[in-house]
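Chemist: Below is the structure I would like to discuss, written out as structure tokens.
Protein chains in written order, with my numbering: chain A, 47 to 367; chain B, 47 to 367; chain C, 47 to 367; chain D, 47 to 367; chain E, 47 to 367; chain F, 47 to 367.
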């Protein structure tokens with residue numbers, strides 16, 4: 047394990063732009079044995095083979111890492127996640143370009159290694175098709191999962207353009223395969239023009255809860271979060287965040303943006319609160335297409351903060367015992 | 047008429063980035079005879095000769111088309127505009143660079159062809175000077191019109207820098223020429239530092255209703271929309287949307303941006319609701335300066351959605367009978 | 047003194063993109079003698095030697111000037127600041143690259159010249175380290191100052207990476223040196239992960255008021271502004287605005303952006319209102335990293351409007367007597 | 047068939063930014079019956095599923111069309127290709143995202159339609175994997191082909207990352223499958239660090255001629271072109287141009303750029319001269335990743351000119367009889 | 047007159063990014079009386095009303111100034127132009143948006159003021175239509191002029207899209223009106239697909255010399271320069287440089303780029319040499335569309351150097367007596 | 047030591063965009079003990095505190111790493127440097143923002159660790175001021191060094207803007223301090239307008255050889271390289287490459303670009319050839335300001351290849367014995 051902070055030990059922090067590129071400057075290892083005692087393992091899943099429109103999410107994991115700021119106390123929550131949780135960067139899953147099936151296996155296997163060591167996996171996408179792999183890996187350990195899913199789109203297509211494995215289909219497959227329990231699956235932020243009656247019919251059959259963007263607008267985010275907590279209860283839950291749930295102004299670097307979306311203020315608060323109130327066993331943040339350098343890439347930046355707020359909530363929950 | 051979907055007929059949709067570039071992938075024709083039975087004709091007006099600051103709106107129409115997503119049911123309204131309305135892309139008006147007068151004639155003539163066929167014209171700008179041409183064409187058919195005008199600026203200058211025909215003057219000319227009825231003219235979103243007492247004095251003389259950005263902030267968009275409906279009543283009405291009414295974060299690609307503007311959540315809802323409650327006979331969306339590719343251009347993207355929400359409202363109204 | 051408007055005198059305004067580059071097209075001088083009778087002197091401080099992450103603010107002053115729109119009446123406030131106040135562009139302080147100490151002296155001296163002439167200095171940064179120089183210059187004339195400080199970060203570090211003079215430390219030094227009165231120092235918009243207990247402990251010792259971003263979210267900006275006015279009272283006050291207080295969507299061009307920030311609607315209103323209600327003796331706007339041309343640079347644009355709203359508030363106060 | 051020029055008939059040309067988006071403003075059809083009498087059919091192949099590094103070429107065909115300038119006489123060659131050849135834009139092949147196999151079929155079928163009508167297909171990529179489909183379609187009509195291949199890379203991998211179908215393998219498959227005659231296959235512009243001994247050994251076995259970038263540097267482009275003509279002789283020949291053969295300064299928008307490449311002056315001249323001296327039965331230009339609007343996208347622009355120079359050479363050959 | 051260097055007097059130079067924005071940091075005046083004794087007056091002409099494709103050159107003059115580096119000795123020529131010549135920045139001509147005729151008058155008048163004072167005007171465009179105004183002003187003083195014209199296009203159209211006044215027509219009008227002597231008019235760098243037989247026929251009638259890009263390629267720039275000097279002789283000569291004569295890699299920010307163009311090495315040398323060997327009475331550099339900040343805008347940067355090399359040549363000539 | 051290839055072991059290479067970010071995907075360590083047996087240690091020096099114009103080079107080292115392609119045989123040289131040399135990425139020197147002196151110490155110390163282990167240091171800047179630290183470290187081991195210095199500027203200022211430590215002064219200090227032997231110091235590519243007589247006088251006194259850009263243009267790069275080899279002979283030599291020696295088209299991401307520069311074809315060949323023919327004991331490549339992602343950043347890309355060509359030359363020399 048390499049700790050990027052070592053060379054800057056006397057200052058207690060290092061500049062974000064210098065030193066080994068890891069998530070939030072945390073220690074790095076690719077050795078499963080070194081995961082012992084680790085609370086959270088951050089894993090990159092740099093894929094975009096299965097997107098339906100603009101590609102580029104393969105560059106997401108590095109960009110999210112590069113947008114990190116140093117650890118420190120969350121000014122609203124009053125807790126520094128990194129002082130409560132032992133977080134490591136477990137590197138990228140060994141994905142392959144133009145081979146989505148082997149990439150999925152690689153992601154599932156790498157996430158599985160983290161889980162085997164008792165760590166909560168936090169996966170940096172990549173396109174949303176990675177959810178099939180990472181949620182499956184978590185369900186293999188924890189059984190059928192609850193799912194909190196922030197997104198513009200339901201991603202419950204049976205197929206997209208006749209293709210069964212797509213970034214628009216993972217949730218359909220996870221529910222059908224029993225890895226996600228439809229009655230404990232909450233979608234938040236839906237808007238736009240997809241999907242249609244078929245998919246929503248299937249969703250109703252499986253008891254899936256859809257909370258639309260216009261409900262956030264009308265009822266406020268706190269009410270929506272309460273509803274999600276009510277549905278999800280105490281069981282093991284996975285959090286998946288597609289950055290396109292945000293309005294494109296806040297996350298322009300994504301492949302299927304839809305105007306009229308959430309604000310970071312709402313989304314970040316919701317992630318932290320849900321992590322505090324639910325029993326999260328894993329998370330991913332997906333669909334970041336980087337275009338800039340370091341924190342100049344506002345989409346990667348907000349994705350980094352989505353993770354960090356979630357870690358803060360996990361730390362709050364742990365502190366609360 | 048060419049239907050870009052034909053080659054993808056077996057999938058029911060085509061990728062946004064492939065096939066003939068038309069609005070929302072709708073059929074394309076330049077033949078007025080083929081407009082028979084068409085409900086909505088989308089027309090490009092790629093001009094920017096008359097702007098006062100940053101140019102580039104001549105690239106707007108193509109960019110708005112390229113930011114389209116496929117048709118589908120509006121997740122809040124529960125209706126797919128394209129299954130209710132027959133929409134065609136009628137191509138661009140044959141504008142000329144550096145000849146604003148002939149461009150205006152070309153726009154007026156092309157919009158007139160759509161009107162003659164009984165279609166509602168939806169014009170993609172271009173700078174706001176096109177409103178003089180497209181509103182005039184509508185007024186020639188429907189008589190003096192009501193006007194709903196989303197904008198930072200009133201565009202009611204007698205002249206800008208001594209120039210009588212400018213993107214800052216169309217509304218003055220339309221009212222003076224009797225094509226717009228001042229008592230049925232509502233401006234929404236005004237802010238910034240223009241115009242001055244003279245122009246507002248003239249506006250008062252003509253009974254024009256100005257709803258400022260700070261009123262949206264203080265009273266909420268629903269109240270503003272109600273007031274607009276009250277003023278406009280049942281008469282024929284034109285909707286003109288300058289994307290600079292949005293805050294620059296949401297529409298950075300525009301020539302005279304002004305911080306402190308509307309959110310897409312409000313604007314999109316307002317366009318749909320107004321289209322539902324008013325009798326629209328035409329619309330335009332203007333002042334988009336593209337800088338990116340496909341949906342990566344957030345300004346073109348939100349402009350496309352402004353049109354689509356309006357079409358959704360028109361479809362709702364038609365469904366309601 | 048050169049008035050950029052002269053060549054366009056017959057039109058009463060000039061295009062923003064043409065003529066001598068000055069703030070809002072106002073007259074330009076570098077001669078202290080010509081400051082007699084001037085109400086506001088705009089001064090550039092193009093520095094970035096002391097930043098901790100992304101540099102580039104040395105290009106800020108020119109970009110803010112280039113994002114200007116012409117003077118005119120503020121549509122909400124109903125007053126044209128430039129018709130009430132005599133504003134000149136006093137040029138840039140003669141800073142030097144790679145010599146932060148001499149740059150600070152140059153800024154302090156140049157601001158001092160404006161103050162000596164009775165003008166209110168408005169300083170365009172530059173990184174936030176310039177606040178040490180410009181506030182000190184004001185305090186030399188007016189005595190210990192109240193400070194309204196919009197920012198994500200407190201900038202009250204004793205040191206950053208072991209460096210005592212940084213864009214993260216000016217407020218510590220100003221309070222310690224007695225130029226800012228801690229009991230009349232209000233921070234607005236704090237969020238993120240910095241600083242820690244030490245710094246907040248020091249802040250409490252000095253009676254500094256911290257108003258966090260989550261308080262703006264929960265209580266509304268009007269309440270926050272009221273609280274600031276209450277703390278600051280009637281004494282001489284300096285306004286310092288770090289554009290990173292805005293959400294990165296609204297100010298992407300800044301070095302340490304933090305998602306979940308203020309909207310321009312709130313910030314611009316707050317600056318104007320505070321300028322109206324408080325006795326401002328100086329202001330600065332800092333941390334703009336330009337990337338675009340003219341008003342296409344949305345960060346420079348909003349920074350320009352931050353100044354203009356403040357001038358509007360000052361003009362309102364002066365009008366009120 | 048729709049002729050975008052019709053609406054501008056009185057001017058003899060239309061602005062590049064206006065009207066239906068087709069290659070060089072040429073007529074558009076998707077109807078094979080309308081290809082009768084057509085000399086050249088331009089076909090888009092918007093794919094990037096099989097790339098090994100940066101994706102985005104799916105946006106290539108539209109960008110190449112949008113970078114067109116109007117037809118006119120080539121100032122060096124003294125001939126207007128469009129007055130000699132009847133060129134139509136035959137639209138895009140109905141490719142699908144995330145389904146490379148069906149996309150390849152679609153490309154091969156669409157190119158086959160053009161060939162069946164007697165037209166020379168000119169295919170706008172897309173990534174280089176499309177060459178397998180479009181060359182195969184040509185070989186089905188003309189028998190085993192000669193191949194002139196401008197590229198940094200040989201694209202003769204058996205597999206890339208264990209994947210047999212990739213943008214790094216089409217030439218291997220075409221030769222192995224007998225669609226390209228190794229003894230009439232000339233690669234021009236090779237440089238960098240790929241492939242290795244295995245691939246070059248295989249190339250030698252098949253008699254493939256490799257002309258490296260350093261040979262262009264040392265011997266001049268005219269000598270290289272002479273050598274290619276010598277190898278290719280009079281048989282049917284396909285021209286495939288990967289824009290990464292150019293130095294990245296001239297074609298920054300490509301997925302695997304390699305510094306030290308060709309200049310457009312050399313490449314454009316070579317394409318025209320080869321088209322004049324060889325019997326071309328088809329061509330493609332590939333690996334364009336657009337990032338800008340219209341001719342502001344320099345990579346799309348040079349790709350458009352690569353096609354146009356080739357058409358000029360074909361026209362010269364036809365004129366010469 | 048204001049000298050931006052004054053505040054940095056003790057260092058002998060100022061940072062490029064600081065201080066009043068003028069060409070090369072030279073003194074600024076708008077007062078004709080202060081032009082007495084001035085050798086060269088730099089004048090901005092920020093227009094783009096008459097372009098046929100991509101606009102944006104109205105931002106050119108400021109960008110060219112902002113790309114300046116400090117004066118100093120030319121390392122090849124061994125002379126510092128600014129120590130030989132007294133250069134001032136005479137500001138921008140008072141152009142108006144959307145009023146090309148009045149803008150042309152303003153340019154002609156402002157250039158005339160410089161000429162009346164005995165200064166050589168150096169005009170920073172703006173689109174190429176400004177040449178009609180600035181050359182006319184020079185011809186009014188010096189009589190019919192020789193013209194050295196670097197460009198991809200001849201700009202000798204009678205009209206473009208039916209418009210007689212365009213950036214594609216100034217040279218036609220200047221020759222027809224007798225301001226340029228066709229027998230002393232040399233075009234250098236022509237390529238691409240415009241104009242056609244009509245225009246070249248007209249050119250032959252007027253004895254205009256066209257030196258094509260392929261001649262530079264085949265004969266070398268030195269031979270081309272020799273030929274130009276031979277044609278132009280000792281008479282008064284104007285130099286006009288359209289940056290699109292460069293390959294788009296070197297000048298991407300221009301409205302009608304054409305691949306296969308000149309290198310800066312050739313163009314800069316040629317400008318300096320021509321200025322040394324000919325009797326220049328004025329120059330302009332046109333068609334710069336800025337997109338970046340300071341020297342990061344490579345097109346503005348090379349335009350600045352085109353001016354500076356020309357000034358160096360003028361200084362060499364003056365030194366030689 | 048962590049080998050990023052491990053997870054992709056079965057494919058023999060990994061995608062450039064995936065896995066731990068190291069130079070060319072080589073193993074990573076921060077432990078000096080692990081440098082035993084290493085031939086080349088790559089070290090990042092992410093600084094820009096001492097630049098005189100555009101900053102941003104602190105992001106250079108990561109960008110250069112991210113622009114890597116996999117190892118492989120050099121197609122001209124016929125050798126794979128990474129199979130001859132054992133290369134490791136030794137991480138970044140622990141630099142600090144806003145503390146140039148401590149950053150220089152950190153660089154010198156880190157480079158010294160590599161040297162102590164017998165490895166050749168290859169330093170990725172950062173601005174050119176790092177040369178003072180890295181050359182000094184090499185001279186401490188090898189005695190006064192020869193220096194091959196590709197650059198637009200001599201960087202031999204005594205001071206820049208009165209500042210003695212700047213990116214414009216390292217060579218002056220290295221020669222004055224005896225770390226570089228003036229008689230074995232060759233500058234290649236000088237052009238533009240700096241420095242002046244004083245600096246060149248000092249250079250002559252120290253026997254420094256200046257080879258100007260115009261000499262490359264007139265004599266060819268091979269002759270220039272021969273001259274450099276002649277001057278440098280067999281002694282220990284350091285290679286320092288400022289990417290601004292390239293024309294800005296090829297390296298737009300740099301702080302003080304100067305048109306009319308070298309081509310990558312010449313520069314890459316020269317670096318390889320010099321590394322083959324000289325006894326290099328260290329190198330750096332500096333002044334890269336990244337703006338893009340991965341190989342889309344053409345400046346970082348060419349910087350990566352500058353290193354790689356140099357490694358190829360070192361490998362050739364080693365193979366030759």
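For every residue, glycine included, the Cβ atom is placed at its ideal position computed from N, Cα and C.
1. Could you tell me whether any Cβ in chain D is nearer than 8 Å to the Cβ of residue 211 (chain E)?
2. Find out if the Cβ-Cβ distance for the pair residue 113 (chain B), residue 333 (chain B) is shorter than 8 Å.
3. Which residues in chain H have a C-beta closer than 9 Å to the C-beta of residue 162 (chain A)? List them in chain order.
4. Going along the chain, which residues of its own chain have a beta-carbon closer than 8 Å to the beta-carbon of residue 126 (chain D), five neighbours each way excluded?
5. Checking 8 Å against the spacing of the C-beta atoms, do residue 141 (chain D) and residue 183 (chain D) come in under that value?
6. With residue 217 (chain E) as the anchor, note down where its alpha helix (DSSP H) starts and where it stops.
7. Tell me whether the region 172–182 of chain D and the region 91–105 of chain D touch, counting them as touching only if at least three CB pairs, one residue from each stretch, are closer than 8 Å.
8. To the nearest angstrom, report how far apart residue 283 (chain E) and residue 188 (chain E) are at their CA atoms.
9. Just the chain F side, please: which residues come within less than 8 Å of residue 62 (chain E) by C-beta, in chain order?
10. Please confirm whether residue 145 (chain B) has its beta-carbon closer than 8 Å to some beta-carbon of chain E.
11. Is residue 136 (chain B) helix, strand or coil by DSSP?
12. Look at residue 305 (chain B) and residue 298 (chain B) and say whether their C-beta atoms are less than 8 Å apart.
13. My output table needs one value for residue 91 (chain E): the three-state DSSP class, helix, strand or coil.
14. Give the DSSP-derived three-state secondary structure of residue 125 (chain D) in the structure shown.
15. Counting contacts by CB-CB distance shorter than 8 Å, is residue 92 (chain E) in contact with chain C?
16. Can you check the region 295–364 of chain E for any beta strand (DSSP E) of at least 3 residues that lies completely inside it and give the ranges in chain order?
17. Using the Cα positions of residue 245 (chain B) and residue 57 (chain C), report the straight-line distance between them to the nearest angstrom.
Modeler: By the coordinates alone:
1. no
2. no
3. No chain H appears in the structure shown, which is made up of the protein chains A, B, C, D, E and F.
4. 117, 118, 119, 120, 361
5. no
6. 216–222
7. yes
8. 9 Å
9. 99
10. yes
11. strand
12. no
13. strand
14. coil
15. yes
16. 325–332
17. 16 Å
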